[in-house]
């Protein structure tokens, strides 16, 4: 079984400690990193994704192929929702794969052809989720980081998204950064409670 092990990790910004002596283990399946805004969750996620360097400690078990879903959708503004998803894949059936993912997230054929500016915030987030799923499949990512994946989604669309994520990612190590305890329930995830400058509590 794939495992990511974090040992004595520390990080500071401008002399302010974000966390220190951090130890945790991530196994295959979903883990929700839960805590209030500003406690260091996203910083830890960025370190694990290779986007930030820790000041000390070590991370073992990471591989090169990582998929990241950022808090912001980060969509291409000039192309359709469908193209925003399919552009991450070189498969011949990329457009159909993207269409299927978007349909599973409640998109109509008409919605798929809309540009991001024509979509609500929640719809943009679902496009970003579909793109991350297709990218993870394309790259065979072992580690997937989802930072506030259900931001802007209502109860029904959140349940749809959670169901799709479980179907597609259960065989990978998935870290979900969230401030909402309900996300762990929807994803049947293990929970790590994260507090500033302290070791997380399982």
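In the working numbering, the protein residues as written are 181 to 382.
Glycine is no exception: its CB is placed at the ideal position from the N, C-alpha and C atoms.
The beta carbons of residue 223 and residue 198 sit closer together than 7 Å. If you draw a 10 Å sphere on the C-beta of residue 256, you find fewer than 16 other C-beta atoms in it, and that means exposed.
Between the alpha carbons of residue 290 and residue 281 lies a gap of roughly 15 Å. Per DSSP, the beta-bridge partners of residue 191 are 199. Inclusion of residue 185 and residue 240 in the CB contact set at 7 Å is warranted, their separation being smaller than that value. Annotation: residue 301 to residue 332 spans about 6 Å, alpha carbon to alpha carbon. Per DSSP, the beta bridge partners of residue 370 are 211. Straight through space, the alpha carbons of residue 299 and residue 225 are spaced by roughly 28 Å.
Taking C-beta separations shorter than 6 Å and ignoring five residues to either side along the sequence, the partners of residue 275 in its chain run 266, following chain order. Assignment of residue 324 by DSSP, reduced to helix, strand and coil, places it in the strand class.
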